[in-house]
Every structure is written in C-alpha cells, then in structure tokens.
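Reminder that position 26 of the sequence shown reads as 129 in my numbering, one-by-one numbering, no gaps.
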Amino acid sequence: MYKTVVIEYSPKADDMAKKIETKANEMSQAGYEFITMSITGTAKAILVFKKSS
C-alpha cells in the first residue's frame, strides 16, 4: 500500500528540508517507509511512502 503526502509551499530549501524530515520521521513511526519525492515548480513537495511489511 502506498501513501502520498504534499508538503505545502516552502520557498526556502532549509525550511523544506526540515518539513520533509519531520514528515518522513512521522510516517516511519506510523509504519511507512519513505520511497521517493518530487518538488514542484510552486515550491511544494510530494512525498511517496510505502507501508512497511
């Protein structure tokens, strides 16, 4: 099972990195493994997670 999460507008790289790290750690505790991500032209990030076996 896959789950996608959108990190809202964050134009500064440091802020974006912190938000991604926070969400990845949160999802890991919920039993998801971080797979990949994409950054949009509007300074948002789309994170993809997979349910751990």
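Virtual Cβ for every residue (Gly too), placed ideally from N, Cα, C.
Q: Can you give me the Cβ contacts of S113 inside the same chain, cut-off strictly under 7 angstroms, excluding the 5 residues immediately before and after it?
A: M119, K122, A146
Q) Anyone know if the C-beta pair for I142 and K153 falls short of 7 angstroms? A) no
Q) Under the three-state reduction of DSSP, which class applies to T125: helix, strand or coil? A) helix
Q | Distance between Y135 and E111 (C-alpha atoms, nearest Å) | A | 20 angstroms
Q. Which residues in the same chain as S155 place their Cβ atom closer than 8 angstroms to its Cβ, once the five residues preceding and following it in sequence are excluded?
A. G134, Y135, E136
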